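If you read the protein sequences in the order shown, they are chains A and B. Just so you know, we're using my numbering here: the first sequence kicks off at -7 and counts up by one. Just so you know, we're using my numbering here: the second sequence kicks off at -7 and counts up by one. All C-beta atoms in this analysis are idealised placements derived from N, C-alpha and C, irrespective of residue type, glycine included. Please read all numbers here as calculations on a predicted model, not as lab measurements.
Number of protein chains: 2
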Amino acid sequence: MRAVRFASFGDPAKVLQVEDLPLTAPGPGQVLLRMLVRPINPSDLFTIRGQYGRLPRLPATPGMEGAGRIESLGPGVRGFAVGQLVVPLGVGGTWQEYLVANASALIPMPEGLSERDAAMLVVNPTSAWLLLHEVLRVAPGAWLIQNAANSAVGRFIIRLARRSGVHTINIVRRPNLRDELLAEGADVVLYENDPDLLDQIARTVGAHGVGYALDSVAGASGSRLVQTLRPGGQMVVFGAISRQPLTIDPSALIFRNISLHGWWLAQWFQTASPTHIADLMATLQPLVADGTLRAPIAAEYNLEEVQQAVAAAEQSERNGKILLVG
Amino acid sequence: MRAVRFASFGDPAKVLQVEDLPLTAPGPGQVLLRMLVRPINPSDLFTIRGQYGRLPRLPATPGMEGAGRIESLGPGVRGFAVGQLVVPLGVGGTWQEYLVANASALIPMPEGLSERDAAMLVVNPTSAWLLLHEVLRVAPGAWLIQNAANSAVGRFIIRLARRSGVHTINIVRRPNLRDELLAEGADVVLYENDPDLLDQIARTVGAHGVGYALDSVAGASGSRLVQTLRPGGQMVVFGAISRQPLTIDPSALIFRNISLHGWWLAQWFQTASPTHIADLMATLQPLVADGTLRAPIAAEYNLEEVQQAVAAAEQSERNGKILLVG
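Set out below in C-alpha cells:
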C-alpha cells in the first residue's frame, strides 16, 4: 500500500515521501480501514516540523484526521460492518491507503454524511464548538474577538456565534475578506495591520467591552487581543501559527483581572468521557450536514502529490482546506 | 496638619514633599482619624510613579494602607468610639496626620492588635491568604512556586503554605536568604540567576510537578515560572516589580493546558461582600497577632522624612517593611 512517510523532522515539502509499505492484518479488537479523505491541518504540519505537543517515533506516517471505510474486521469486533464510514480518533497516520485501528477508537459516521464532511468533522467543527460553548461558555449578547478569522475554525466560530446570538469581531490579514466574512455572519471584520485597530474595537463594543478572545496566531496578534479585553475578560490560546511568543503586559492582567488559558483538542479528547464525545458528535453531525460547520475545499491532491499538497496548505493566501484523497 | 503631597507623577524621592494642610471636619456618616502608622507598599510607589491601575487626581496625598485612631465622629455615626483603632479601606491618602473617611470604609481592629500590626493587616496578609486559599485554592501536598519569595507576601505565603501542608519552591535573588527562608518553613529556596534553575526544580518535584505559581515580578522571572508548571498548572500574576512584560511560549500554554490569571487586591475588595471581608479579617487577626502574618520592620521614618523613607523602600537589599509613623 502507498503511505506518506517522513524519517526526520523538517520542512514538510522536503521531508515527506511516498513509500510502498506491506499491508498488516487487523488483530483482535481491531479493524482494517481503507482511508479515503484526509484534511491537512496546521497540527499535521507542526508535527512534521517537530514543533507539536506530541511527536511520533520516526520514521512515521503523518495525519491526525481523516475518514475511511471498514475493509475488514479483526477477531471479536462487534458493532461495525464492512463498508461502514468511520473516523479513527487519536490514532494518527491517516496519510496512507490503509490503517489498522482499535475498534474502540472509531467514531461511526451517520448515513448521509459525505466522506469529505466526515473527514473534517473531528478537528475543526469540534474545536469551534468546544471553544465557544464549553471552554469560554460565551453568553448570548456578549462580544467575542478572534484572529485568523478566515481559518476553518474562525469561520465556524462566526457561524456558531451568530446562531447563538454572540457578537464577533474578526481580525484578518487581507482586506478582501471583509464582505465574505460579513456574509458568514460576522458582526465586524477588521485588519490586523490597521494602526487604528484598537480604537475601532473600542468604538464597536462601547461600554459592553470585549469579554472573550480566541487566539490561534500568538505573537503580536495574540498579544494585541489581550489589550482589547474588558476587566474580567478571558482569552483562550489554541494555536500559534505565527510561531512567535506572546508578549503580555502584566498590568493588563493584574488591573483588569484578565485570564489566559491554553487549550489543546488532543488533550480534551484524552480526558473527555466516551459518552461526552458521542454526544458532541451527535450535536455536530447535523451542523456539518447542513453546511454550518462545512469548510470550503481549496484543492484536492492524491497521496502521491503530497509535496504539492503541503506546499499548498502552507500558503497563507488559500481559501479553504487542502485534502489528500485516494 | 502635616501631609505628604505630590503634584506630578515621577520618582518618589523627588516628587514628594511635606506640606501643611488645613484640617477638615467629618461630615455626616464620616469620622476624623488620627493616622499613626503606614507601611510603604510597592503599590504606593507605583502610584506615585503614575504606573498603577487607578491613579489619583493631582495634587494628591499617597498611601493606601495604614492604621489610625478615631479622633472625632461626624453626625449620625454609630458603632464606633473615639480612640478606637481602625484601618480605612480603599480610601487612600493615609500618608498624612489626619484623614476624613466614611465610617462604612472602616475596619475595626480588635483590642490586643498593635498599631503596627493593624497598619499592615489589609494589604499583605490579605493578599497572601487570598492568593493561596481563595484564588489558587492550593490543596495540601501540592507544590507551589513563587518568585520574590523574600517579600512580605512571599514570606507569608511560605508560612501559610507550611501551615496547611502545601510545599513551596521559593525563588530569590540573593543567596544569603536561603537559611532564613528555610527557617520560615520554605521547602526549597533557589536562586533567580542559577543557570540550572529549571533542572533543579524538576528534580525537586519529580513526577508530582509544580501545579501552582505566584508571580509578583513579571519579566524574565515570571516568564520562567510558566515553564516550570506541569500540565493543567495555573499561574497568578499579582505584581510586576521588574516592570517588564511577560514573554510566554504559546506551546507551553496550549500543550500543557496552562492558565494565567491576573489578580488585584483592590479589585477583590471592590467586589467582595462586607461579610466576606469581615470574616476574612477575623481569620487573619489571630495570625497577625501570633506572628504568622507579621512582617519584619526594616526601619521607621517620620512623615517629615518621607524622601528617605521611599528611598529606603526602593532598596532591593532591605529586609522588611518601611513604616511611616507620627
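Where residue i falls, given that 16 or more other Cβ within 10 Å makes a residue buried
i             : result
residue 37/A  : buried
residue 159/B : buried
residue 280/B : buried
residue 162/A : buried
residue 157/A : exposed
residue 199/A : exposed
residue 296/B : exposed
residue 194/A : exposed
residue 220/B : buried
residue 294/B : exposed
residue 7/A   : buried
residue 215/A : buried
residue 74/A  : exposed
Cross-chain neighbours of residue i in chain A, by beta carbon under 9 Å
i             : result
residue 261/B : Here the premise fails: no neighbours, minimum Cβ distance about 13 Å.
8 Å Cβ cutoff met for residue i and residue j
i             : j             : result
residue 322/A : residue 261/A : Because residue 322/A is not part of the residues shown, which for chain A are -7 to 318, the question remains open.
residue 150/B : residue 202/B : no
residue 92/B  : residue 65/B  : no
residue -2/B  : residue 32/B  : no
residue 50/B  : residue 119/B : no
residue 59/A  : residue 131/A : no
residue 224/A : residue 249/A : yes
residue 208/A : residue 140/A : yes
residue 153/A : residue 287/A : no
residue 312/A : residue 289/A : yes
residue 25/A  : residue 57/A  : no
residue 34/A  : residue 302/A : no
residue 272/B : residue 121/B : yes
residue 79/A  : residue 28/A  : no
residue 47/A  : residue 72/A  : no
residue 55/A  : residue 84/A  : yes
residue 125/A : residue 251/B : no
residue 182/A : residue 192/A : yes
residue 211/B : residue 94/B  : no
residue 53/B  : residue -4/B  : yes
residue 276/B : residue 117/B : yes
residue 89/A  : residue 227/A : no
residue 129/A : residue 315/A : no
residue 274/B : residue 204/B : no
residue 184/B : residue 170/B : no
Opening and closing residue of the beta strand (DSSP E) in which residue i lies
i             : result
residue -2/B  : -6 to -2
residue 251/B : 251 to 254
residue 135/B : 135 to 138
residue 109/B : It is not in any beta strand (DSSP E) - residue 109/B instead sits in the alpha helix (DSSP H) that spans 107 to 111.
residue 292/A : 289 to 294
residue 98/B  : 98 to 100
residue 226/A : 221 to 229
residue 26/A  : 22 to 31
residue 240/B : 238 to 240
residue 171/B : Counting along the chain, residue 171/B falls outside any beta strand (DSSP E), though it belongs to the alpha helix (DSSP H) covering 170 to 176.
residue 162/B : 159 to 164
residue 120/B : From DSSP, residue 120/B is part of no beta strand (DSSP E) but of the alpha helix (DSSP H) over 116 to 121.
Within chain A, partners of residue i - CB distance below 7 Å
i             : result
residue 241/B : 237
Under 9 Å by beta carbon: chain B residues contacting residue i
i             : result
residue 248/A : 45, 254, 256 and 259
Within chain B, the residues that residue i reaches when beta carbons sit closer than 7 Å
i             : result
residue 230/A : 246
Enclosing alpha helix (DSSP H) for residue i [first to last residue]
i             : result
residue 146/B : 144 to 155
residue 53/B  : First-last for residue 53/B: undefined, no H or E at that position.
residue 14/A  : Residue 14/A -> no alpha helix (DSSP H), and no H or E assigned at all.
residue 270/B : 266 to 281
residue 34/A  : 34 to 40
residue 81/B  : Unbroken run through residue 81/B: none, as it is neither H nor E.
residue 197/B : 189 to 197
residue 7/B   : 4 to 7
residue 302/B : 298 to 305
Interface partners of residue i on chain B, CB under 8 Å
i             : result
residue 251/A : 251, 252, 253 and 254
Listed by chain order, chain A residues near residue i by CB distance under 8 Å
i             : result
residue 210/B : 242
residue 214/B : 242
Interface flag, residue i vs chain C, CB-CB below 8 Å
i             : result
residue 219/A : Absent from the structure is chain C; the protein chains it does hold are A and B.
Specify whether the region 11 to 22 of chain A and the region 100 to 114 of chain A touch according to this definition: at least 3 beta carbon pairs, one from each stretch, less than 8 Å apart. no
Does the region 265 to 275 of chain B come into contact with the region 253 to 268 of chain A, if we say contact requires no fewer than three beta-carbon pairs (one atom in each stretch) closer than 8 Å? Contact between the region 265 to 275 of chain B and the region 253 to 268 of chain A is absent, with fewer than three C-beta pairs closer than 8 Å.
Counting Cβ pairs closer than 8 Å, one from the region 236 to 245 of chain B and one from the region 167 to 179 of chain B, do we hit at least three? no
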